[in-house]
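Beneath this line is the structure, given in structure tokens, with notes to follow.
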Amino acid sequence: MQLKKLVVAAASVTLLSTSLATAETLTIATVNNGDMIRMQGLTDDFTAKTGHNVEWVTLEENVLRQRVTTDITTKGGAFDIMTIGMYETPIWGKNGWLVPLDDLSADYNVGDILPAMAGGLSHDGTLFAAPFYGESSMIMYRTDLMEKAGLTMPKAPSWAFIAKAAREMTDRDNEINGICLRGKAGWGEGGAFITAMSNSFGARWFDENWNAQFDTREWSDTLNFYFNMMSDSGPAGFATNGFNENLSLFQQGKCGMWIDATVAASFVTNPNDSTVADSVGFALAPDNGMGVRSNWLWAWALAIPAGTQKEEAAKQFVEWATSNGYIELVAENEGWANVPPGARISLYENANYKDIPFAKMTLESILSADPNNSTVDASPYVGIQFAAIPEFAGIATDVSQEFSAAYAGQQTIAEALAKAQALTNDAMEAAGYR
Amino acid sequence: MPRAVTTQKKILNSAISWALAIIIFFPIFWIVVLSFKTEGDAIRTPIEVLTSTWTFDSYAVVQERSDYFKHFSNSVIIAIGSTLLGIIIAVPAAWSMAFVPSKRTRGILMWMLSTKMLPAVGVLYPIYLIFIELGILDSRTGLVVILMLINLPIIIWMLYTYFKEIPAEILEAARMDGANLRSEILYILTPMAIPGIASTLLLNIILAWNEAFWTLNLTAAKAAPLTSFIASYSSPEGLFFAKLSAASVMAITPILIMGWFSQKQLVRGLTFGAVK
């Protein structure tokens, strides 16, 4: 009996010391948004389950992108887990900078990740980042203003209908703009919107030989349509409006329609922040009858930099944060409307989630976006609102600056397109594509 | 003979001064106002913002979400440490240029100033790699060194300007009385230049406190100062104006208080030699 007690005590001490020895502190770089902040608040659950602690580095999206890019390209090792998007993941995975997530546990159920998300976060069929939440873009509109205008929003409207509805809903005397869209310079701001819109007009960034395509009729049609519609029905100063500016306008009841990220649906229907929360409808992003819609696809995902000393603990965190168990944890603490959307198939089969007003349209938007076939004519790149090549971010920022200058009236649309054509071809030539 | 200033001119000057002061101060005032509003109220029209309910909610959320005192202590150590280290290096450098100038002194001074004209991002990768090699990434030691280096040209320039005002004959007299170089700098020059050194110290603490490029790029979780604390509340996708404002107020209050109490020294330091 005495011996048995001794053996048990010795085993307990051994187990405890092993557990203490393997307890790690993970440093995680992440972006500042509602879902990520919520995750930080629930980290105690992870620590209780694994014994690992977590230190958060939360940064604004553009600062985060610069920070983690510097660290991973220099093998700095400042972070054990990085929050990255669909643009970086395939490029970094191809370069061997990320740990492949090809040995996640059976309980995790990789097959439950939405195929569009898994595809966008993989390179050569290997998953390099696990989606924390995914988003597409869709139309959010004021049902009361649409009714007042005597129109009915189709489930999948055309750009012609949107332009007509925008004009009908515009009421300058009451500060109501028919439509609010991004115009702000930046590849992730106005650049993302106009690229996704151009896909539905039959435009593309490059032909199959990596020649810029801004001198085509399709790009001219896209920009002229956007500019005319926004001049007629958009808010003043739309050339400098991004996501936040339009969100603010919509929540104050100053937009009839807003086409933007599906994640915004939870903001505009939240009665604590939005004055129009009870009169918001949703529809698919418009098309132009050419077989491609103008919605994009994006995911914020968790990736592990190659060379981290804490790979096992990092994988445990990635599994915890992107699992069904985490979704249930959020639902239990904050309600189903606040769970991270757009990553798992089973979420959209869950009876509790089906009642959320924007859930169905979010899923349909995500499912209708295909990064591998985003343009009407064939293109050499993967991506919808971006081309997944390292040079894109720099080039697209410059191009979007030219477009924003045209929206602001500082140059004509034709001048902006000519400059975009020249600078893109120059950059692609310098990078060795042409 | 002093110029006569009419009452009308006085009123006009006062009005312009007040208008400029209000324009400069308004962003700070508005940040303070927004910090006491809910996120919903913070995006309304200015009139609605001012008449809506006042609340401490944003401060409570920021305090709960972030470890303010950890960031604050990092800021204090980095700002004071880099300034003191800079002063220790700059005093002998400024002494040599002020009292033993060579034909290249002017050129060296201009060269030091020209390093401030290089965009910081141009040397980000080399500096980052050096920090990795030295093992000082995300450390307060690393930040003390880098902030000292980027502010060193300003410290040397300011001290050089003050030292030039001190008559060289006093130092000569000390030398004749047997003072060596160390005693000359420590016991003769430094006490006479205390006001100038104090102004330099204060200005550089402010510059180091507000530095936001290196402090964001060379830190992660351990050494992050208040600039990182503010950056964690900025977002292009989601409205966090009230919380961002609360975080900003918490970050700038200590340095505003310091600036307020030391404004006399600061103004004296910045205008020193301007009326020569």
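Protein chains in written order, with my numbering: chain A, 102 to 535; chain B, 575 to 850. Virtual Cβ for every residue (Gly too), placed ideally from N, Cα, C.
{"Asked": "Specify, as a first and last residue, the run of the beta strand (DSSP E) that A:M183 falls within.", "Found": "I182 to I185"}
{"Asked": "Alpha carbon to alpha carbon, how far is B:I651 from B:Q582? Give it in angstroms, no decimals.", "Found": "50 Å"}
{"Asked": "Work out the CA separation of B:I831 and B:Q837 for me, nearest whole Å.", "Found": "10 Å"}
{"Asked": "What residue does the beta strand (DSSP E) around A:F383 start on, and which one ends it?", "Found": "V381 to L385"}
{"Asked": "Quick check on the burial criterion: 16 or more other C-beta atoms within 10 angstroms. Buried or exposed for B:K584?", "Found": "exposed"}
{"Asked": "Would you say B:I729 and B:T789 are within 9 Å of each other, going by their C-beta atoms?", "Found": "no"}
{"Asked": "Between which two residues does the alpha helix (DSSP H) containing B:M852 stretch?", "Found": "Since the first and last residues shown for chain B are 575 and 850, residue 852 of chain B lies out of range."}
{"Asked": "Taking 8 Å as the threshold, find out whether the segment 816-831 of chain B comes into contact with the segment 675-691 of chain B through three or more Cβ pairs.", "Found": "no"}
{"Asked": "If you run the structure through DSSP and keep just helix, strand and coil, what is A:L116?", "Found": "In this prediction, A:L116 scores a pLDDT of 45, lower than 50, which makes its location untrustworthy; no coordinate-derived value is stated."}
{"Asked": "Using a C-beta cutoff of 9 Å, does A:E161 count as contacting chain B?", "Found": "yes"}
{"Asked": "Which value, in whole angstroms, describes the spacing of the CA atoms of A:T148 and A:L348?", "Found": "35 Å"}
{"Asked": "Which stretch, first to last residue, makes up the beta strand (DSSP E) that contains A:A402?", "Found": "L398 to A404"}
{"Asked": "Output the distance between the C-alpha atoms of B:F814 and A:T126, rounded to the nearest integer angstrom.", "Found": "28 Å"}
{"Asked": "Determine whether the beta carbon atoms of A:P441 and A:M187 lie at a separation below 9 Å.", "Found": "no"}
{"Asked": "Straight-line CA distance for B:R851 to B:P727?", "Found": "Summary: the structure shown does not reach residue 851 of chain B, with chain B confined to residues 575 through 850, and so no result is reported for it."}
{"Asked": "Roughly how many angstroms lie between the CA atoms of B:Q711 and A:P491, to the nearest whole one?", "Found": "Rather than Gln, the amino acid found at residue 711 of chain B in this sequence is Leu. So the alpha carbons of these two residues sit roughly 26 Å apart."}
{"Asked": "Taking 9 Å as the CB-CB cut-off, is B:N784 touching chain A?", "Found": "no"}
{"Asked": "Between B:F814 and chain A, is there a C-beta pair that is closer than 9 Å?", "Found": "yes"}
{"Asked": "Within 9 Å of any Cβ in chain B, is that where the Cβ of A:R168 sits?", "Found": "yes"}
{"Asked": "So, is B:L594 buried or exposed, given that buried needs 16 or more other C-beta atoms within 10 angstroms?", "Found": "exposed"}
{"Asked": "Listed from N- to C-terminal order along the chain, which residues in the segment 611-626 of chain B have their beta-carbon within a distance smaller than 7 Å of any beta-carbon of chain A?", "Found": "E613, G614, I617 and R618"}
{"Asked": "Less than 6 Å between C-beta atoms, sequence neighbours within five positions excluded: which residues of the same chain meet that for A:A362?", "Found": "E236 and S238"}
{"Asked": "Entirely within the segment 588-625 of chain B and at least 4 residues each: give me those alpha helix (DSSP H) ranges in chain order.", "Found": "613-616 and 620-625"}
{"Asked": "Verify the CB distance criterion: does B:R714 have a CB-CB separation below 9 Å to chain A?", "Found": "no"}
{"Asked": "Please identify the residue among A:Q410, A:F344 and A:W359 whose C-alpha is closest to the C-alpha of A:K176.", "Found": "A:Q410"}
{"Asked": "In terms of residues, what are the limits of the alpha helix (DSSP H) holding A:V419?", "Found": "E412 to A422"}
{"Asked": "Would you identify the three-state DSSP class for A:P232, choosing helix, strand or coil?", "Found": "strand"}
{"Asked": "State buried or exposed for B:F630, treating a residue as buried only when at least 16 other CB atoms are found within 10 Å of its CB.", "Found": "exposed"}
{"Asked": "Counting only the same chain and skipping the five closest in sequence on each side, list residues whose C-beta sits under 6 Å from that of B:A664.", "Found": "I729, I730 and L733"}
{"Asked": "Report the rounded CA-to-CA distance for B:N778 versus B:Y633, giving the unit in angstroms.", "Found": "29 Å"}
{"Asked": "By the criterion of Cβ-Cβ separation under 9 Å, what are the contact partners of A:N434 in chain B?", "Found": "Chain B residues near A:N434: none, gap ~15 Å exceeds 9 Å."}
{"Asked": "Suppose you measure from the CA of B:A848 to the CA of B:F599; what does that come to, to the nearest Å?", "Found": "Unreliable placement is indicated for B:A848, whose pLDDT of 48 sits below 50; the coordinate value is still reported in the next sentence. Cα to Cα, the separation comes out at about 26 Å."}
{"Asked": "Would DSSP call A:Y242 helix, strand or coil?", "Found": "strand"}
{"Asked": "Using DSSP's beta-bridge definition, name the partner residues of A:N278.", "Found": "A:C356"}
{"Asked": "What separation, rounded to the nearest whole angstrom, lies between the Cα atoms of B:V635 and A:G142?", "Found": "11 Å"}
{"Asked": "Residues in the segment 445-477 of chain A with C-beta within 8 Å of chain B's C-beta atoms, listed in sequence order?", "Found": "none"}
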